[in-house]
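This report refers to the structure that appears directly beneath it.
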Amino acid sequence: AQSVTQLDSHVSVSEGTPVLLRCNYSSSYSPSLFWYVQHPNKGLQLLLKYTSAATLVKGINGFEAEFKKSETSFHLTKPSAHMSDAAEYFCVVSYTGRRALTFGSGTRLQVQP
Amino acid sequence: DSGVTQTPKHLITATGQRVTLRCSPRSGDLSVYWYQQSLDQGLQFLIQYYNGEERAKGNILERFSAQQFPDLHSELNLSSLELGDSALYFCASSVGLAGGDANTGELFFGEGSRLTVL
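Listed in order, the protein sequences are those of chains R and H.
Quick note: the first sequence uses this note's numbering, first residue 1, plus one each step.
Quick note: the second sequence uses this note's numbering, first residue 1001, plus one each step.
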């Protein structure tokens, strides 16, 4: 069975400081992993995805994530937070097959001025 | 703009009623997914259709049903509505079967239909 755990439901950072959103997955197979972002009153948008190529994945808006198989982690980072980064972030796992994606419970990122 | 269109954006109805939510996928996408997002349950996968056929089922109640039409648009029917059905319902689309092809794992989400049951 596949599952994904987001370790923090809320993260608050100051503008200009680094962002770390943590995600651990469990999967019986080699997973595909994604981070999606949801701004208030909007649909979800793909930030980045890992599909067994490079372990360090760069996404949009300066975000990146590193796939660490030994730790079964796929943490999302950004060197410097911007006010516009305030949103909810979802870590997502899928595997080759017919099942739809499995979403984590989400992490709400707050950016303080 | 993701290219996925959902209607209506907002819907208020009473318990016991029935509603239909509509989704038009991105041009060329064959898969349509329905998700329910609520404060207590988070984002829950309901059901997936691929080219008119049901392909995966998640936590969808028996009171709910969906279908995908030949023009690939989809409808989610919610009946005998209860207060707990109040949620944001998202439709998403993708070219293929999510996970079936690493290059098509991305889903494109609509902006959702907010259902309020009073």
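Glycine residues also receive a C-beta, built at the ideal position from the N, C-alpha and C atoms.
- With a cutoff of 7 Å on beta-carbon distance, residue 110 of chain R and residue 14 of chain R are scored as not near each other.
- Residue 64 of chain R and residue 81 of chain R have their C-alpha atoms roughly 13 Å apart.
- Chain-ordered, the chain H residues with CB closer than 9 Å to the CB of residue 105 of chain R read 1042, 1043.
- Nearest to residue 1033 of chain H by alpha-carbon distance, out of H:1059, H:1016, H:1085, H:1001, is H:1059.
- Assigned with DSSP and collapsed to three states, residue 1076 of chain H falls in strand.
- Interface annotation, residue 46 of chain R: in contact with chain H, CB-CB separation under 7 Å.
- For residue 90 of chain R, the C-beta contacts it makes with chain H under 8 Å involve 1043, in order along the chain.
- For the set R:107, R:83, R:77, the Cα lying nearest the Cα of residue 90 of chain R is the one of R:107.
- Within the same chain, 32, 101 come within 6 Å of residue 94 of chain R by CB-CB distance, once the 5 residues on both sides are set aside.
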